[in-house]
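Enquirer: Here you go, one structure.
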Amino acid sequence: MKISPFVLKPTFRYGSQTPWGGSELARLFHKEAPDPRTGESLEMSVIPSLESTDENGTSLSELISQYGADLTGTAVRGEFPLLLKLIDARERLSVQVHPDDSYAAANENKLGKTEAWVILACKPDASIVYGLKEGTDPGVLKAACESGTGVEDLLNYAPVHVGDVFYIPAGMVHAIGEGIVLYEIQQSSDVTYRFYDWNRTDAAGNKRALHIRQALDVTRYDLDTGKAVPRELSDPNCKRELLLDTPHFKLQRLLDCLNLPFTSHEESFSVLTALSGGFIECDQDKIHLAEGTTLFIPANCRDFRLTAKHCLLAGPAC
Ligand SMILES: [Zn+2]
Numbered sequence: 007m008k009i010s011p012f013v014l015k016p017t018f019r020y021g022s023q024t025p026w027g028g029s030e031l032a033r034l035f036h037k038e039a040p041d042p043r044t045g046e047s048l049e050m051s052v053i054p055s056l057e058s059t060d061e062n063g064t065s066l067s068e069l070i071s072q073y074g075a076d077l078t079g080t081a082v083r084g085e086f087p088l089l090l091k092l093i094d095a096r097e098r099l100s101v102q103v104h105p106d107d108s109y110a111a112a113n114e115n116k117l118g119k120t121e122a123w124v125i126l127a128c129k130p131d132a133s134i135v136y137g138l139k140e141g142t143d144p145g146v147l148k149a150a151c152e153s154g155t156g157v158e159d160l161l162n163y164a165p166v167h168v169g170d171v172f173y174i175p176a177g178m179v180h181a182i183g184e185g186i187v188l189y190e191i192q193q194s195s196d197v198t199y200r201f202y203d204w205n206r207t208d209a210a211g212n213k214r215a216l217h218i219r220q221a222l223d224v225t226r227y228d229l230d231t232g233k234a235v236p237r238e239l240s241d242p243n244c245k246r247e248l249l250l251d252t253p254h255f256k257l258q259r260l261l262d263c264l265n266l267p268f269t270s271h272e273e274s275f276s277v278l279t280a281l282s283g284g285f286i287e288c289d290q291d292k293i294h295l296a297e298g299t300t301l302f303i304p305a306n307c308r309d310f311r312l313t314a315k316h317c318l319l320a321g322p323a324c
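What follows is the structure, given as structure tokens:
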């Protein structure tokens, strides 16, 4: 059965869940952020209690059980594979690392997490933690984490600019720096091992829990710390760039789309985030896409056309 594309309504992580969050998601994307410290808008999520819904309030997992492969695609089996967030880091986040699928299955009974970031806005001198300094010795890292001193000297810091793309495979040490708004596509998992939290304390003087043993277990020392280089794809209806082609997801940037046709993909769903305003036309319907709106594109989708200046398109095989 053909299904029309539909706008997703996000859920939020905010307040004490994201003490590092801010108000940029409301300012830039008119998100109904519940708190001046809103760190995350979960644009496409089946994480329990943080599920995104369609505009009628039906959760994505209910829609998946209703429509099955017509929605998710013939190649998507088992758990729904992806999670998409917009993130506002008013302050820097803790330094963390995620496990791969085999470690996460054995230890957490969950998927691992590989993720990627696209920088949407940032202050002029913003940077991220992106891997470890070359030649970092596991023993030195362990001693630094356990004592809480010297960790900062072992981290690789990368300056960021709007439009930069960073691939963060499982095992890569990373942290979003302060003053950054980004798009994050990732495996649908919430397994995070926190290495180091800059020795911060909350108002009551407590530090956040660390997971040093697990973090050291899964950290990889052999990863490339160069940012991703977009590759232009030919398309008569837009400027199309392949940003990432990974085992878990593909990511494209679409610029200046004018009546860009989409047809059903069968194998997998995809998800489109409009960073500028725009619209789609599907049969007789015209659906307006406000800035920051995310559109779910079912695998067995009705044909439609997209007009928008700037979008990101992601999916298992988009
Ligand atoms: Zn992460």
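Residue numbering for the sequence shown follows the numbering used here, starting at 7 and increasing by one per position.
Think of the CB as a built atom: it goes at the ideal place given N, C-alpha and C, for glycine as much as any other residue.
Every value quoted in this text rests on a predicted model; they were computed, and no experiment measured them.
Gln193 and Leu117 - do their beta-carbons sit closer together than 8 Å?
Expert: yes
Enquirer: If you draw a straight line from the alpha carbon of Leu301 to that of His271, how long is it in whole angstroms?
Expert: 15 Å
Enquirer: If you draw a straight line from the alpha carbon of Gly232 to that of Leu69, how long is it in whole angstroms?
Expert: 39 Å
Enquirer: State the Cα-Cα distance for the pair Ile53 and Leu260, rounded to the nearest angstrom.
Expert: 28 Å
Enquirer: Label Asp251 either buried or exposed according to how many other C-beta atoms from any shown protein chain fall within 10 Å of its C-beta, with 16 as the threshold for buried.
Expert: exposed
Enquirer: How should Lys139 be labelled, buried or exposed, when 16 other C-beta atoms within 10 angstroms of its C-beta is the threshold for buried?
Expert: The residue is exposed, with fewer than 16 neighbouring Cβ atoms inside 10 Å.
Enquirer: Can we count Glu121 as close to ligand 1, meaning its CB is less than 7 Å from some heavy atom?
Expert: yes
Enquirer: Determine the extent of the beta strand (DSSP E) in which Thr284 is found, giving its start and end residues.
Expert: The sequence given here has Gly at residue 284, not Thr. It spans 284-288 - the beta strand (DSSP E) in which Gly284 sits, taken as one unbroken run.
Enquirer: Relative to the C-alpha of Tyr199, which candidate in Tyr109, Thr299, Arg19 has its C-alpha closest?
Expert: Tyr109
Enquirer: On the three-state DSSP scale, how would you describe Lys148?
Expert: helix
Enquirer: Give the single residue among Gln220, Arg33, Val157 whose Cα lies nearest to the Cα of Tyr202.
Expert: Val157
Enquirer: How far does the alpha helix (DSSP H) with Thr78 in it extend, from its first residue to its last?
Expert: 75-78
Enquirer: With DSSP as the reference, please indicate the residues paired to His294 in a beta bridge.
Expert: Phe285
Enquirer: Strictly by DSSP, which residues pair up with Ala122?
Expert: Tyr173, Ile191
Enquirer: Note down, one range per segment and in chain order, each beta strand (DSSP E) of at least 3 residues found wholly within the region 209-281.
Expert: 237-239, 245-251, 256-268, 276-280
Enquirer: Closest by CA to Lys119, which one among Ala221, Gly284, Leu14?
Expert: Ala221
Enquirer: DSSP state of Arg311, grouped into three classes?
Expert: strand
Enquirer: Quick check: the Cα distance between Ala112 and Arg219, rounded to an integer number of angstroms?
Expert: 15 Å
Enquirer: For the beta strand (DSSP E) that contains Leu377, what are its first and last residues?
Expert: No answer is possible for residue 377: the residues shown for the chain start at 7 and end at 324.
Enquirer: Taking just the CA atoms, how far does Val82 sit from Leu295?
Expert: 27 Å
Enquirer: Pull up the DSSP beta-bridge partners for Met7, would you.
Expert: Residue pairing from DSSP leaves Met7 without any beta-bridge partner.
Enquirer: How close, in whole Å, do the beta carbons of Cys128 and Val166 come, if the pair is a contact with beta carbons under 8 Å?
Expert: 5 Å
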